[in-house]
Amino acid sequence: MDRSIEISTATLDRSSKLDPARAAAIGPAGRAPPTVAPPTVASPLADPSGEHAMPPYTLDDFAFDLRRVAPPGDIWVGSGTGTVAPLPRTVCGVGGWFAPPYAVPDGRLTVALEVDGATVLDTGERGAGDRGLLYAGGTWRPDRIERHGTYHQYRDGTPVSVAVRSTLTPRHGEPGYLLEIAVRNRTDRALPVRLRPEVSPDRGRHVPLRDWGWMPPGSGADGPPVTLVHGGLSVELPPGGERVFALGIGIGPSGDGAALADGATLADGGAPADSSAPADGAGSGASDPGALAANAAGGPVAGCEVLVAAARRATRRWEERLGEALARVPRITTDIPGLDEYYRRSLASGLVCLWEGPGFVTTPFVATSGLDGGAVCGYAWDTGGYAPHLLTLMLGERVTAVIEAMIAADLTHHYAIAPDGTGLGVPYAYSAWSLVTLGYAAAAAHGIDPSLVGRLHDAHEALDGRFAPWGPEGVLRDYGDQHNLLEMRGAGWEHVVASPNAERARSLEMLADLADCSGAGLPVDALREAAGRVRAEVARQLWDAEAGWFRSRYPDGHTELAYSIQAFDALRAGACTDEMAAALLAQVRPGAFLGEYGVSSVSALDERHYELGDVDWSGGGAYSGEGPQLALTLWERGESALAWDVLRRLLWMGRHFPYFPQEHYCDRPAAPPVGRRANVIAGLTGAEAILTGLLGVRPRSDGALVVSPRPVAEGTVALHGLRFRGRCVDVVAAAGECLVTVDGRPVPAGPDGTVLAVPPAGPAARPPAGPASEGSIPDGSIPDGSALIEAGRGAEPAAAGYAAGAGGHSVGQTRGSA
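Numbering (the working numbering), first residue to last: 85 to 902.
(1) So, is D419 buried or exposed, given that buried needs 16 or more other C-beta atoms within 10 angstroms?
(2) Consider the Cβ of V450: report whether some Cβ of chain C lies at a distance smaller than 7 Å.
(3) Buried or exposed, going by whether 16 or more other CB atoms sit within 10 Å of the CB of M138?
(4) Roughly how many angstroms lie between the CA atoms of P301 and F741, to the nearest whole one?
(5) Counting pairs of beta carbons, one from the segment 244-251 and one from the segment 148-160, are three or more of them closer than 8 Å?
(6) Name the DSSP beta bridge partners of P783, please?
(7) Looking at the strands, I want to know which residues DSSP matches up with C822.
(8) Cα-Cα, which of V450, G458, M737 and P511 is closest to E488?
(9) Measuring alpha carbon to alpha carbon, tell me which of V188, G177 and A432 ends up nearest L197.
(10) Compare the C-alpha of G157 against each of A762, A802, T207 and L803 and name the closest.
(11) Can you tell me whether H693 is helix, strand or coil according to DSSP?
(12) Would you mind giving the Cβ-Cβ distance between G241 and P259, rounded to the nearest angstrom? I have them listed as a contact below 8 Å.
(13) Report yes if the CB atom of H544 is closer than 7 Å to the CB atom of L606, and no otherwise.
(14) The beta strand (DSSP E) spanning L806 covers which residue range?
(15) Below 8 Å CB to CB, which residues in the same chain sit around E858 once its five sequence neighbours on both sides are set aside?
(16) Name the residue from L438, L455 and G454 whose alpha carbon lies nearest to the alpha carbon of T447.
(17) Please classify V730: does DSSP put it in a helix, a strand, or coil?
(18) For Y743, tell me which candidate among P226, A183 and A220 has the shortest Cα-Cα distance.
(19) Look at the Cβ atom of V195, then the Cβ atom of L279, and state whether they are nearer than 7 Å.
(20) For I491, which three-state DSSP category applies?
(21) Measure the C-alpha to C-alpha separation of A266 and A220 and round it to an integer number of angstroms.
(22) When you compare only the Cα positions, how much space is there between C601 and W627?
(23) Since G712 and E798 should fall inside the 8 Å C-beta cutoff, what is the C-beta to C-beta distance between them, to a whole number of angstroms?
(24) Counting along the chain, where does the alpha helix (DSSP H) carrying W465 start and finish?
(25) Our contact map puts L689 next to Y647 with C-beta atoms below 8 Å; I'd like the distance itself, whole angstroms only.
(26) Return the residue from the list D836, V781 and V796 that minimises the CA-CA distance to V826.
(27) With a threshold of 7 Å on Cβ separation, who are the neighbours of T717 within its own chain once the five nearest residues in sequence on each side are excluded?
(28) Do C461 and L508 have their CB atoms nearer than 7 Å?
(29) In the segment 477-523, which residue ranges form an unbroken alpha helix (DSSP H) of at least 4 residues, counting only runs that do not cross its ends?
(30) Per DSSP, which residues does G679 bridge with? Please list them.
(31) Along the chain, where does the alpha helix (DSSP H) that runs through P243 open and close?
(32) CA-CA distance, A596 and G469?
(33) Less than 6 Å between C-beta atoms, sequence neighbours within five positions excluded: which residues of the same chain meet that for L734?
(34) Can you tell me the Cα-Cα spacing of W926 and G722, whole angstroms?
(35) Let me know if A478 comes out buried or exposed under the rule of 16 or more other beta-carbons within 10 Å of its beta-carbon.
(36) P185 and V310 - do their beta-carbons sit closer together than 7 Å?
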């Protein structure tokens with residue numbers, strides 16, 4: 085037992101002794117405790133008691149200084165209906181963009197300036213001397229990217245000095261983007277300035293929603309033209325004066341409205357729905373005799389205020405989407421350096437995966453990635469398998485529609501759904517398990533209809549039937565090669581493997597739990613008995629006691645010993661005895677699975693399988709959900725010191741990525757430059773690990789919420805404004821003392837040190853009728869028969885990591901067949 089858990093056990097039973105005023109004073113590291121005034125308007129995050137109220141999240145909470153971005157440094161920004169990237173090292177240049185069903189992957193917009201008759205290029209060119217406009221940094225926000233740069237040279241002894249700032253905003257509800265460029269004169273004389281934009285001769289390739297898979301769509305020559313409109317391109321700037329120019333890129337002859345989905349068209353035509361004032365210094369092309377359009381057809385000149393208004397509409401829609409997604413999601417404050425940044429970047433990783441649009445099967449649609457145009461589709465395994473509770477908090481009751489869409493796509497034949505709900509790819513071994521896990525989280529937060537539980541059971545059984553039973557008992561499954569499993573480039577973790585066989589056991593158990601709480605007519609005793617048999621056979625047939633690791637069995641009889649991070653999923657699913665668990669955990673150490681900056685997907689000691697060419701599943705780093713999920717697994721087992729040692733290695737990501745990429749290295753603070761997606765929904769796992777692991781907030785399928793914090797010696801962590809079944813839950817976890825409050829009132833811990841923050845919803849936890857049906861809070865004890873993981877005690881082997889309702893899974897995806 086580690087000391088942090090020992091402290092927690094000793095103090096949780098006196099949790100109410102932590103002074104609430106002191107708890108509220110906990111602020112970010114290095115700064116004075118924040119003084120937060122209660123919101124002046126009704127807020128879903130406000131404490132009903134009026135105490136310790138926290139303001140709603142804003143877009144500025146997710147602002148990121150682009151000077152800190154880690155390699156490879158390519159950044160995208162999305163609107164929920166489209167996405168675009170700036171050209172690296174430029175102040176105004178713009179690269180490819182996507183707005184399903186349109187794809188312009190090779191699009192380019194470059195902007196040169198004429199200043200006092202001389203050309204100032206913006207190419208990002210390196211080298212000494214006059215290289216034109218020099219990039220000086222910028223800021224990423226979920227809705228836009230701001231960049232700034234400088235030009236300061238002497239010509240014939242006369243200074244030519246301008247500051248340039250651009251704002252790149254992807255359009256919402258129509259294809260394309262807006263680019264605002266502010267030019268400021270830093271001399272003491274008037275400067276004539278003219279923009280010279282140039283658009284590459286690309287066309288908007290129309291790609292049906294059903295065809296948006298893992299890889300970004302390629303370019304095409306048969307679609308509508310990409311067109312530029314603007315609000316004027318020239319001005320004479322007085323000394324110290326500034327002018328804002330506005331450019332708009334769109335589809336069609338006028339660059340405005342276009343079909344956004346098969347058979348659906350926007351009628352907006354680029355005109356604002358309301359009258360938004362132009363930015364300071366903005367002018368209209370109508371009064372600019374030098375205005376011109378930079379497309380071959382000689383496109384139109386639009387009023388600058390029209391283009392600026394379109395950008396503002398996109399921002400307002402982001403603000404609305406942010407409020408919807410984070411209304412139930414708590415904030416954290418802490419004095420541990422880097423932890424809050426990591427938490428917020430993890431949330432941002434989930435936010436940028438939420439899409440919407442005509443023809444999309446759900447609103448929002450949860451994409452696996454999407455910012456770079458790839459994986460706008462939704463894979464079942466990472467949608468439900470990495471951060472089911474955080475995703476459920478973000479989606480609310482709409483999570484049910486996501487589950488239904490996945491089931492309707494027929495997971496016996498597909499691993500993902502396209503934006504229109506069409507199934508994509510091959511059957512994937514982990515899909516059903518992940519979907520059941522998401523169903524479990526939905527049941528905990530909102531209740532679940534018994535008919536949906538029945539469909540989850542049927543989907544699980546159907547997918548299970550796609551893989552051949554193995555051995556004389558036929559209990560385990562042969563999952564085939566990497567086509568249905570991972571992407572290790574060498575043989576190893578294939579065929580009869582501990583994971584996902586162990587996850588089969590846990591999903592059968594969760595289905596039984598869901599049947600109990602919903603009243604679904606499933607054979608719960610048989611499901612639990614089957615789960616027990618699977619676990620026993622995983623241990624009996626696949627465990628190598630001498631090696632202290634799982635073996636994989638192949639159809640020809642030979643076995644492989646691959647030290648893959650997948651083994652910890654079998655541990656989490658409850659397939660390990662204490663001796664097996666101890667052997668697995670002994671490998672969680674530097675030089676094996678731990679690097680200075682994260683975890684390795686294959687142990688560095690495994691000379692047969694470890695390599696550096698496939699980071700996410702073959703070594704040298706990992707898929708971005710793997711590190712925090714390993715930490716969560718350790719917290720669930722009561723291994724708090726080791727869990728924190730894993731998570732702390734990942735905190736650099738919050739300082740160096742605006743959102744988390746598909747994979748990252750573990751031996752240096754960077755991500756691979758090619759062969760990856762720019763963002764991933766599994767990035768939410770970091771916030772999930774903090775919420776359900778470090779802070780010990782565990783939703784249960786019966787609607788109960790139990791809290792068992794795991795304080796760390798490095799500092800204090802406070803959670804504010806978790807909304808769960810009509811209650812507002814706050815938690816403070818400090819070394820030596822913890823406090824849990826519900827609706828502003830402290831709740832004492834039970835005899836086992838666990839706080840029952842929200843009681844069970846009842847014997848049939850169907851979609852709740854309202855807070856009144858949830859009953860009153862009892863004395864804090866856990867009902868008899870519950871299998872909660874107590875603070876300071878490891879989980880029983882048969883229920884490791886799941887007795888309190890934590891779902892999750894770590895596995896790869898078959899990108900090559902997407």
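Cβ atoms here follow ideal geometry from the backbone N, Cα and C, with glycine treated the same way.
As the structure is a prediction and not an experimental result, all values here were calculated from the model.
Put simply:
(1) Position 335 of the sequence shown, counted from the start, is the residue given in the question as residue 419. Answer is buried; the Cβ neighbour count reaches 16.
(2) Of the protein chains in this structure there is only one, and it is not chain C.
(3) As a working mapping, residue 138 is identified with position 54 in the sequence shown. M138 counts as buried, since no fewer than 16 other beta carbons sit within 10 angstroms of its beta carbon.
(4) On the sequence shown, position 217 is the one that residue 301 refers to. On the sequence shown, position 657 is the one that residue 741 refers to. Inter-residue distance for P301 and F741 is about 25 Å (C-alpha atoms, whole angstroms).
(5) Flag = no, the segment 244-251 and the segment 148-160 do not touch.
(6) Translated into the one-based positions of the sequence shown, residue 783 becomes position 699. For P783, DSSP records a beta bridge to L789.
(7) In the sequence shown, the residue the question calls residue 822 occupies position 738. Answer is A817.
(8) The count along the sequence shown starts at 1 and reaches residue 488 at position 404. Closest by alpha carbon: V450.
(9) Position 113 of the sequence shown, counted from the first residue, corresponds to residue 197. The residue with the shortest Cα to Cα distance from L197 is G177.
(10) If you number the sequence shown from 1, residue 157 lands on position 73. Of the residues A762, A802, T207 and L803, the one whose Cα lies closest to the Cα of G157 is A762.
(11) The residue labelled residue 693 in the question sits at position 609 within the sequence shown. In the three-state DSSP reduction, H693 falls in the coil class, being neither helix nor strand.
(12) By 1-based counting over the sequence shown, the position of residue 241 is 157. By 1-based counting over the sequence shown, the position of residue 259 is 175. Going by Cβ atoms, the distance from G241 to P259 rounds to 48 Å, so no, they are not a contact pair.
(13) If you number the sequence shown from 1, residue 544 lands on position 460. If you number the sequence shown from 1, residue 606 lands on position 522. It is not a contact, given that the beta carbons lie outside the stated cut-off.
(14) Reading the sequence shown from its first residue, position 722 is the one you call residue 806. For L806, the enclosing beta strand (DSSP E) covers residues V801 to F808.
(15) Counting from one through the sequence shown, the residue named residue 858 turns up at place 774. Low confidence applies to E858: its pLDDT is 28, below 50, so where it sits in the model is not reliable, and the reading given next is rough at best. Closer than 8 Å at the Cβ level, and outside the excluded window around E858, lie G787, R809, G810, R811, V842, P843, A845 and P852.
(16) Sequence index remark: in the sequence shown, residue 447 carries index 363 (1-based). When only C-alpha atoms are compared, the closest one is L438.
(17) Counting from one through the sequence shown, the residue named residue 730 turns up at place 646. V730 falls in the helix class under three-state DSSP.
(18) Translated into positions along the sequence shown, residue 743 becomes position 659. The shortest C-alpha separation from Y743 is found at P226.
(19) On the sequence shown, residue 195 is found 111 positions in, with the first residue counted as 1. On the sequence shown, residue 279 is found 195 positions in, with the first residue counted as 1. A contact, by the Cβ cut-off of 7 Å.
(20) As a first step, residue 491 is located in the sequence shown; it is residue number 407 there, counting from the start. Under the three-state reduction of DSSP, I491 is assigned to helix.
(21) On the sequence shown, residue 266 is found 182 positions in, with the first residue counted as 1. On the sequence shown, residue 220 is found 136 positions in, with the first residue counted as 1. A straight-line Cα-Cα distance of about 15 Å links A266 and A220.
(22) Here residue 601 refers to the residue found at position 517 when the sequence shown is read from its first residue. Here residue 627 refers to the residue found at position 543 when the sequence shown is read from its first residue. About 34 Å.
(23) The residue given as residue 712 occupies position 628 in the sequence shown. The residue given as residue 798 occupies position 714 in the sequence shown. The identity of residue 712 in the sequence shown is Pro, whereas the question assumes Gly. Contact doesn't hold; Cβ gap of about 17 Å is too wide.
(24) Taking the first residue of the sequence shown as 1, we reach residue 465 at position 381. First-last of the alpha helix (DSSP H) with W465: A464 to G469.
(25) Position 605 of the sequence shown, counted from the start, is the residue given in the question as residue 689. Position 563 of the sequence shown, counted from the start, is the residue given in the question as residue 647. That pair is a contact at about 7 Å.
(26) Position 742 of the sequence shown, counting from 1, holds the residue named residue 826. Nearest C-alpha to V826: V781.
(27) Translated into positions along the sequence shown, residue 717 becomes position 633. Excluding sequence neighbours, T717 sits near F652, L655, R656 and G885.
(28) For this step, residue 461 is matched to residue 377 along the sequence shown. For this step, residue 508 is matched to residue 424 along the sequence shown. In this structure, L508 lies closer than 7 Å to C461 by Cβ.
(29) The qualifying runs are 483-492.
(30) Position 595 of the sequence shown holds residue 679. Answer by DSSP bridge pairing, in chain order: G682.
(31) Here residue 243 refers to the residue found at position 159 when the sequence shown is read from its first residue. Unbroken run through P243 is the beta strand (DSSP E), T242 to P254; no alpha helix (DSSP H).
(32) Reading the sequence shown from its first residue, position 512 is the one you call residue 596. Reading the sequence shown from its first residue, position 385 is the one you call residue 469. Cα to Cα, the separation comes out at about 18 Å.
(33) Counting from one through the sequence shown, the residue named residue 734 turns up at place 650. Only residues of its own chain outside the window of five on either side were considered, and among them G682 and G711 have a CB closer than 6 Å to the CB of L734, listed in chain order.
(34) A query on residue 926 cannot be resolved here, the shown segment of the chain reaching from 85 to 902 and no further.
(35) The residue labelled residue 478 in the question sits at position 394 within the sequence shown. The sequence shown places Met at residue 478, rather than the Ala named in the question. With a threshold of 16 other beta carbon atoms within 10 Å, M478 meets it and is buried.
(36) The residue given as residue 310 occupies position 226 in the sequence shown. The residue given as residue 185 occupies position 101 in the sequence shown. Result no, Cβ atoms of V310 and P185 do not sit closer than 7 Å.
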